[in-house]
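Each remark here refers to the structure printed beneath this line.
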Amino acid sequence: MISSLPVLPVIFPMITAAMILLFSEVKTRRLIASASSVVQVAITVMMMLAIQTHQILIMPMGGWAAPFGIMLTVDSLSAIMVLLTSIVSVAVIHYSITEKTEKQEHPLRLPLIFFCIAGITLSFVTGDLFNLFVAFEIMLIASYALLTLEIDRKEISHAYPYLAINIIGSALFLCAAGLTYSLFGSLNFADIAISSTLIMTDPRIVVIAVLFTLVFGMKAGFFPLYYWLPNSYPKLPAPVGALFAALLTKVGIYALLRIFGTMLPHQLWGVYSIILLLAIPTMILGAVGALERQSIREILSFNLISHIGIMMVAIGLFTQESIAALIYYIIHHVLVIASLFLLAGLIEARAGSGDLKKLGNIWKQSPILSFLFLIQALSLAGIPPLSGFWGKWMLISEALGIGAGVFVAIIVITSVLSLWSLLRIITTGFWTSSATTTTDSSNHIISKDMVAITLSLVLLSLLIGLSPNSVIKTARRTSQSLFNQFEYTKKVMEYRSIRTPHYHTPKIIESPIQISPEPIEIQEIEEHQG
Amino acid sequence: MGIISKYALLLGILLPTLLIPFFFIPSKSIKKYAGLLAMMAPLASLGIILSIANKVGIPQVNFVNWIPELGIHFSFLIDGISLFFSITTCMMGALVCAYSHYYLPKSSPKNSRFYAYLLFFITAMLGTVLSNNIGLLIVFWELTAIASFLLIGFKSSKEGSQKGALATLITTGFTGLCMLVGLILLSILTGTSELSEVLILAPTLTQIQPYLTTIMVLILIGAFGKSAQFPFYFWLPKAMSAPTPVSAYLHSAAMVKLGIFLIARFYPIFGGNSLWAPILITIGVITMVIGAVYAVMTHDIKELLAYSTVSQLGALVMSYGLGTTYGVEHDFYQILNHIFYKGALFMAAGVAIHTFDTQDLRKMGGLFKFAPIAGIAAVISVGAMIGFPGTTGFISKELLLHTILTIPTQKENGIILAAMLVAAIGLVIAGIRFLTLFFGNLKGLSEEHIDPPSMGIQLPIIIAASFSLIFGLFPQDAVFWCDYLRVAGLHYPSPASLSIWQGITNPLILSGGILTVGAGISWVLYKRKWVDCTLPETAKLETKFDHLLNTIQKISTAITAGVKTDHSPDYLMIILGFIAGLLLLILLPLFPELILPFLFKMDDTNTLGSLTAILIGGAAIATLIAKTNINKLIAISVVGALISFYFLLYHAPDLALTNLMIEAIGVVLMVLLLIRLPKEDTSQKVDGTLRKTANITIASTIGVIATSLILLMTNNQVLDSISGYFIEATVPLAGGSNAVNTILVDFRGFDTMGEISVLVIAAIGVIGLLWKKGGSINQ
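So the sequence lines, in the order shown, correspond to chains P and B.
For the first sequence, numbering that gives the first Met the number 0 begins at 0 and goes up steadily by one.
For the second sequence, numbering that gives the first Met the number 0 begins at 0 and goes up steadily by one.
Laid out in structure tokens, this is it:
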């Protein structure tokens with residue numbers, strides 16, 4: 000069972016999607032979707048538990064061991080991401096099921112969501128660079144389809160930049176993967192990690208690293224590659240928007256962590272400082288954009304960008320503690336942003352619009368929804384003792400500890416702007432009594448189930464906020480294992496499968512890969528970069 | 000310590016919040032007595048806290064684990080400072096709950112929400128003052144801001160409430176974050192986040208000293224933001240849109256004192272710093288004068304009180320700045336003075352606002368007849384505000400004047416004294432003005448229309464006011480209690496005694512002078528019907544803050560428009576340009592030889608290959624030059640066909656075949672698209688050349704970079720590639736003679752499976768789009 004565990008969360012949604020396509024009865028389709036998403040959570044919880052005892056789960060696809068075949072490799076980071084994915088999916092799918100009546104439901108939405116989940120999950124569990132590309136393709140093609148599926152004909156032009164930019168991204172990814180293969184002669188993360196220690200001083204590694212920064216930066220929404228995001232996410236149906244906002248950008252962040260943490264050597268300070276420098280405009284422009292926008296989900300999308308900036312700071316500092324902060328922050332952010340998109344969807348359904356100028360009286364009409372929204376918005380802005388605060392606390396502590404005060408200052412400014420932009424939704428949106436929209440409640444019934452689903456996500460993130468110790472502990476342990484590259488490569492390369500050729504001897508690892516030396520001061524990094 | 004007493008303090012602090020659900024029980028009797036029930040919560044909390052303090056003695060630390068990973072715990076320090084602020088918080092809290100009971104409209108469904116916020120605030124406040132852990136302090140500190148946000152926005156549909164709530168949270172949020180950074184630095188440098196340890200360690204550790212001033216400034220920003228000091232004071236007048244009980248509590252007695260609390264808490268660390276006194280005195284003096292002047296220059300009763308609060312807070316900050324290395328004296332007495340009289344005045348103002356239904360002092364007057372108890376309370380409290388003998392205010396002012404007069408003569412001495420006099424006179428005028436609402440003729444309403452305030456609403460006011468009188472007449476009692484709460488490092492080892500009559504001294508003469516001058520000016524202003532007291536809106540920092548917010552939003556709009564987030568064709572170019580630029584920036588310094596790519600050793604001397612390559616290049620350039628779309632398309636397909644040919648040259652027929660197929664499909668699709676596209680409109684050609692040049696530059700740069708990258712990566716390969724293995728193993732292990740095929744379907748069959756699903760999904764997506772066109776989604 001455990002030996003095939005890594006592939007289950009990938010295959011399972013795919014089979015589900017195919018099954019949903021086969022059945023025409025809406026009730027059956029919904030039952031399959033619902034059951035499957037719950038089982039998926041069970042699978043990923045099992046994976047998380049298995050990681051506690053086995054550290055790394057490996058599955059050679061088709062029996063071909065590294066470096067020749069594709070090895071699905073699940074470490075603690077992968078398991079966390081996969082678990083988060085399944086939690087968000089179960090909420091999104093149930094919300095999607097309860098959102099529409101059986102007649103209104105678009106028959107292709109659920110299968111596409113499952114395909115998208117399969118792609119996301121594959122990118123978290125794969126241990127192979129080209130397979131990661133395939134995972135991205137599955138995820139992206141499903142996301143294109145979802146984006147254009149239910150969009151208004153008038154607004155279909157908003158899908159164009161998403162498509163165009165992601166196609167550029169895919170092309171760039173393919174180039175980067177090809178170039179990596181020609182340099183290292185391999186596609187397996189662990190194998191490349193060993194090879195890269197042999198040519199540690201080769202400047203071509205820096206070029207590869209920059210290429211991947213661009214590829215995944217485009218996916219995550221780095222400045223100035225983020226343009227596609229805030230214009231397309233608000234156009235999606237609420238549950239799909241929640242799925243995209245919570246997970247698609249995080250796939251980019253995860254992939255960067257994988258490349259920099261597992262695949263490449265840990266001393267690429269020049270590349271890290273590029274990420275740090277790009278983090279500044281990402282944080283500020285995201286927050287500034289959020290101030291200017293006038294509808295709930297647009298404001299949320301721009302906040303997402305500015306929080307990507309904060310995650311970039313964590314990657315750029317590249318210390319064990321900053322990566323731990325990042326992992327904690329990802330866990331928090333996935334849950335909070337998903338619940339906020341769902342809440343925004345509920346409020347829009349209730350009020351008939353997400354435009355701040357048209358909203359009104361929400362505070363009185365739906366006190367529970369607006370209160371939940373307030374809590375999650377405060378959490379997103381990083382107000383204690385909600386979950387967003389602890390990640391910021393860890394990051395600020397670490398940045399101060401290594402003397403990166405500039406970034407602390409910018410994080411502080413960004414947080415205030417972010418808080419402001421989010422509270423504007425409450426004060427000028429929810430509190431105002433002069434609503435211009437029709438508040439004919441008979442048209443906009445939101446079911447209790449939808450509220451309950453959203454509530455459970457809110458409660459989960461509230462729980463993390465009030466009792467973050469175990470999550471922080473997990474994040475720190477994960478970061479520690481990520482920094483222990485040697486352990487990962489050793490486990491992967493020494494894995495024997497039935498079809499491992501007898502005449503193949505694995506590369507001998509003579510010395511453990513060096514762990515990064517004492518953190519270098521920021522000034523030095525910038526000088527080095529200049 | 001038993002398990003119960005271990006959690007008792009935490010329970011005591013959380014008690015008010017834990018009682019919140021109780022108020023949402025749909026029971027009539029709970030709704031009816033909500034305020035009086037709420038009053039019990041702070042009293043119960045106070046009882047718990049005091050009994051713990053009494054049992055174990057002070058100072059003591061009470062510790063419960065919370066987040067060991069971050070060193071943040073429910074660790075509480077019970078000492079003089081925290082006890083003093085807990086007592087005042089709980090007592091004023093109880094009074095305000097009782098007052099709210101009569102103030103709020105009976106049986107309004109919103110009431111339970113009001114008490115929920117208020118009780119939540121009490122927990123946050125108690126938590127803040129009792130925290131012994133830096134993280135915990137910040138948590139509760141921010142919670143007070145959230146409670147304040149909700150309470151200011153309680154009358155949520157009013158624009159003033161919305162703006163006030165937002166301004167408060169943004170300001171205190173920003174300053175709170177500055178404090179957070181300062182506190183984290185302090186905790187990093189001392190290696191502990193327990194305040195009791197930090198306070199002991201910080202003065203002794205040498206590695207802290209270079210950072211101490213930075214930390215101090217950051218923490219002081221937090222204190223100034225919360226205590227409405229210049230330049231952050233503007234949020235306090237804006238916060239006056241809260242219901243009056245909230246103003247009486249949060250914005251005069253409790254939350255705004257947190258900055259003072261913070262200053263007192265960190266006095267032992269920073270008191271000796273050379274910048275401590277200058278910063279506190281400068282900010283305090285400016286705030287004190289601005290507050291007093293603005294308090295005179297307004298007609299709004301709550302604004303008057305808000306500005307006088309600002310002024311008093313300034314005076315408190317200043318008095319901490321005037322302290323010596325031995326500490327300060329009687330600071331608790333001065334804080335007590337302000338809490339009681341200002342709380343009473345706000346509550347009295349609430350009664351007046353209720354009765355007259357306006358906040359304009361010019362439209363109010365003659366209330367005494369209908370609310371005599373509140374009137375007496377107001378007289379006592381104004382007495383304290385202006386420093387009339389017999390009240391706490393008198394002694395408080397004497398103390399302050401005494402301190403200023405006894406500091407060693409310096410240049411600044413005169414300035415401080417002058418500012419103090421101006422501020423004191425201003426407060427006298429404002430205080431007298433406040434009393435006009437009780438005396439004189441009844442204004443605005445006829446006698447029969449007036450709804451006399453109930454007894455219950457006046458009772459809390461007189462209770463609060465009576466403290467001003469009792470401690471004013473018997474200051475030694477207050478000193479006794481304050482002495483019990485003395486904190487080492489903050490206070491003088493033994494306090495001087497206080498008495499009303501200390502003989503004819505300089506402070507007494509000055510006090511008398513202040514009262515006389517103030518009364519004189521008030522008389523003149525009163526005769527002129529206070530017409531001079533109008534301040535232009537533009538002179539207020541509040542307006543400036545609104546302008547600032549507007550400006551930031553305008554800048555935001557400009558920036559977002561500038562970076563073209565809304566115009567798609569442009570940002571494709573920006574993105575490609577960025578990719579090209581960044582890669583060039585990295586490549587050129589690392590590999591200068593890339594400028595001359597022919598320096599690379601070419602193993603390949605195949606003339607046919609070279610010729611094909613040149614042809615491909617030519618066709619690519621042709622796509623750039625071609626004028627019409629059809630010509631461009633032809634050029635592109637030539638490139639594709641030639642690439643397939645190139646593959647053939649290298650004995651890769653399957654690749655060539657695949658490529659040719661894709662090219663063919665691509666061309667057909669593009670032709671289909673071209674047919675459907677509208678004819679090129681002429682408007683595009685206006686800036687066509689510029690755009691075209693940019694496009695060509697970016698496209699060719701990317702081409703050059705891609706080529707150089709391939710040359711770079713394939714040149715000088717030092718590592719073994721796995722590709723040899725596949726050829727070696729294809730027959731014995733995969734059972735197929737074509738390595739490409741075995742890679743696709745066996746070695747890396749999983750990838751192929753993924754790609755097949757991509758095709759399936761693409762097909763589904765296309766079906767979705769076609770459905771949309773048909774307009775029906777039924778199967």
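Every residue, glycine too, gets a C-beta built ideally from N, C-alpha and C.
8 angstroms is my cut-off, CB to CB: does P:Pro505 come that close to chain B?
Residue numbering aside, residue 505 of chain P sits at position 506 when the first sequence is read from its first letter. At P:Pro505, the pLDDT of 48 sits below 50, so the modelled position is not reliable and the matter cannot be decided from this model.
With 8 angstroms as the threshold, decide whether the Cβ of P:Pro238 is near any Cβ in chain B.
Locating residue 238 of chain P in the first sequence gives position 239, counting from the first residue. Taking Cβ atoms only, chain B never reaches closer than 8 angstroms to P:Pro238, which makes this a no.
Does the distance from the CB of B:Leu9 to the CB of B:Val63 come in under 8 angstroms?
Indexing the second sequence from 1 puts residue 9 of chain B at position 10. Indexing the second sequence from 1 puts residue 63 of chain B at position 64. In contact: B:Leu9 and B:Val63 (Cβ atoms closer than 8 angstroms).
For a minimum of 4 consecutive residues, which ranges assigned as the alpha helix (DSSP H) are wholly contained in the segment 346–391 of chain P?
Correct list: 361–364, 366–380.
So P:Arg475 contacts chain A; which residues on that side make the cut at Cβ distance below 8 angstroms?
Protein chains P and B are contained in the structure displayed, whereas chain A is not.
Closer than 6 angstroms by C-beta to B:Phe119: which residues in its own chain qualify, once you throw out the five before and the five after it? Chain order, please.
Within the second sequence, numbered from 1, the residue matching residue 119 of chain B stands at position 120. Counting only Cβ-Cβ distances below 6 angstroms, and skipping sequence neighbours, we find Thr16, Ala146.
With distances taken from CA atoms, which of B:Leu142, B:Ala518, B:Gly576, B:Gly439 is nearest P:Pro384?
Walking along the first sequence from the start, residue 384 of chain P turns up at place 385. Looking at the Cα atoms, B:Leu142 is the closest of the given residues.
Could you check where the beta strand (DSSP E) with P:Thr72 kicks off and where it finishes?
For the purposes of this step, residue 72 of chain P is taken as residue 73 along the first sequence, with counting starting at 1. From DSSP, the beta strand (DSSP E) with P:Thr72 extends over 70–73.
Cβ of P:Val133 within 8 angstroms of Cβ of B:Gly617?
Within the first sequence, the letter at position 134 stands for residue 133 of chain P. Within the second sequence, the letter at position 618 stands for residue 617 of chain B. No.
According to DSSP, is P:Gly177 part of a helix, a strand, or is it coil?
Counting from 1 along the first sequence, the entry for residue 177 of chain P is found at position 178. Three-state DSSP puts P:Gly177 in a helix.
Counting only beta-carbon atoms, is P:Phe11 nearer than 8 angstroms to chain B?
The count along the first sequence starts at 1 and reaches residue 11 of chain P at position 12. No, because no Cβ of chain B sits closer than 8 angstroms to the Cβ of P:Phe11.
Buried or exposed for B:Trp140, please, with buried defined as at least 16 other CB atoms from any protein chain shown within 10 angstroms of its CB.
Taking the first residue of the second sequence as position 1, residue 140 of chain B is located at position 141. When all chains shown are included, B:Trp140 counts as buried.
Please state the DSSP three-state secondary structure of P:Ser231.
Counting from 1 along the first sequence, the entry for residue 231 of chain P is found at position 232. Correct three-state label for P:Ser231: helix.
What's the C-alpha gap between B:Pro58 and B:Asn131?
As a working mapping, residue 58 of chain B is identified with position 59 in the second sequence. As a working mapping, residue 131 of chain B is identified with position 132 in the second sequence. Going from the Cα of B:Pro58 to the Cα of B:Asn131 covers about 11 angstroms.
For P:Ile96 and P:Phe340, I'd like the C-alpha separation in whole angstroms.
Mapped onto the first sequence, residue 96 of chain P falls at position 97. Mapped onto the first sequence, residue 340 of chain P falls at position 341. Approximately 16 angstroms between the Cα atoms of the pair.
Since I believe P:Val333 is in contact with P:Lys249 (beta carbons under 8 angstroms), could you give me their beta-carbon distance rounded to a whole number of angstroms?
Here residue 249 of chain P refers to the residue found at position 250 of the first sequence. Here residue 333 of chain P refers to the residue found at position 334 of the first sequence. The Cβ separation is near 6 angstroms, so the contact holds.
With DSSP as the reference, please indicate the residues paired to B:His490 in a beta bridge.
Walking along the second sequence from the start, residue 490 of chain B turns up at place 491. Answer by DSSP bridge pairing, in chain order: B:Val327.
Would a check of beta-carbon distances place P:Leu197 closer than 8 angstroms to chain B?
Here residue 197 of chain P refers to the residue found at position 198 of the first sequence. Cβ-Cβ to chain B under 8 angstroms: yes for P:Leu197.
Taking P:Val535 as the query, report the chain B residues whose CB atoms sit under 8 angstroms from its CB, ordered along the chain.
An answer regarding residue 535 of chain P cannot be provided, because it is not within the stretch 0 to 529 covered by chain P.
Since B:Ala348 contacts B:Thr243 with CB under 8 angstroms, what's their CB separation in whole angstroms?
Numbered from 1 along the second sequence, position 349 holds the residue referred to as residue 348 of chain B. Numbered from 1 along the second sequence, position 244 holds the residue referred to as residue 243 of chain B. 6 angstroms between Cβ atoms; contact.
Could you round the C-beta distance between P:Val415 and B:Val180 to whole angstroms and report it? I think they count as a contact, below 8 angstroms.
For the purposes of this step, residue 415 of chain P is taken as residue 416 along the first sequence, with counting starting at 1. For the purposes of this step, residue 180 of chain B is taken as residue 181 along the second sequence, with counting starting at 1. 12 angstroms between Cβ atoms; not a contact.
Taking its Cβ as the centre, do 16 or more other Cβ atoms sit within 10 Å of B:Ile664, making it buried, or is it exposed?
In the second sequence, counting from the first residue as 1, residue 664 of chain B sits at position 665. Exposed.
Using a threshold of 8 angstroms, state whether the C-beta atoms of B:Met239 and B:Ala305 are closer than that.
Residue 239 of chain B sits at position 240 when you count from the first residue of the second sequence. Residue 305 of chain B sits at position 306 when you count from the first residue of the second sequence. It is a contact, given that the beta carbons lie within the stated cut-off.
Which residues in the same chain as B:Lys684 place their Cβ atom closer than 7 angstroms to its Cβ, once the five residues preceding and following it in sequence are excluded?
Stepping through the second sequence from its first residue, residue 684 of chain B is reached at position 685. Interpretation of B:Lys684 is limited by its pLDDT of 48, a score under 50 that renders its predicted location unreliable; no figure is taken from the coordinates.
Hey, is P:Ser386's beta-carbon within less than 8 angstroms of any beta-carbon in chain B?
Numbered from 1 along the first sequence, position 387 holds the residue referred to as residue 386 of chain P. By this cut-off, P:Ser386 is not an interface position.
Quick one: Cα of P:Leu458 to Cα of P:Asn130, how far?
For the purposes of this step, residue 458 of chain P is taken as the residue at position 459 of the first sequence. For the purposes of this step, residue 130 of chain P is taken as the residue at position 131 of the first sequence. For P:Leu458 and P:Asn130, the distance between alpha carbons rounds to 36 angstroms.
Give me the chain P residues within the contact set of B:Ser756, using Cβ-Cβ distance strictly less than 8 angstroms, ordered along the chain.
Looking up residue 756 of chain B in the second sequence gives position 757. Ordered by position in chain P, the residues that pass the 8 angstroms Cβ test against B:Ser756 are Met13, Phe114, Ala117, Ile137.
Taking the alpha helix (DSSP H) that P:Phe123 falls in, what are its first and last residues?
Here residue 123 of chain P corresponds to residue number 124 of the first sequence, with the count starting at 1. Run containing P:Phe123: 108–124, per the alpha helix (DSSP H) assignment.
Quick one: complete alpha helix (DSSP H) runs, 4+ long, within the segment 158–209 of chain B?
Counting only runs of 4 or more, we get 158–189, 194–200.
Output needed in chain order: residues of the segment 182–216 of chain B with a Cβ under 7 angstroms from some Cβ in chain P.
Those residues of the segment 182–216 of chain B that come within reach of chain P (Cβ to Cβ, closer than 7 angstroms) are Ile183, Leu184, Ile187.
DSSP three-state call for B:Val60: helix, strand or coil?
Counted from its first residue, the second sequence places residue 60 of chain B at position 61. Three-state DSSP puts B:Val60 in a strand.
Give the residues of chain B in contact with P:Lys472, contact being defined as C-beta atoms less than 8 angstroms apart.
Here residue 472 of chain P corresponds to residue number 473 of the first sequence, with the count starting at 1. Correct list: Glu68.
Any idea which residues DSSP pairs B:Ile66 with across the strands?
Against the second sequence, residue 66 of chain B aligns to sequence position 67. In the DSSP output, where bridge partners are listed per residue, B:Ile66 has B:Ile71.
Measure from the alpha carbon of B:Ile406 to the alpha carbon of each residue in B:Thr324, B:Gln475, B:Gln358, then state which is nearest.
As a first step, residue 406 of chain B must be located in the second sequence, where it is residue number 407. The shortest Cα separation from B:Ile406 among B:Thr324, B:Gln475, B:Gln358 belongs to B:Thr324.
From what residue to what residue does the alpha helix (DSSP H) around P:Leu454 run?
What you label residue 454 of chain P is simply residue 455 of the first sequence in a count that begins at 1. That run of the alpha helix (DSSP H) goes 447–465.
Nearest chain P C-beta to B:Glu662 closer than 8 angstroms, yes or no?
Stepping through the second sequence from its first residue, residue 662 of chain B is reached at position 663. B:Glu662 does not count as touching chain P.
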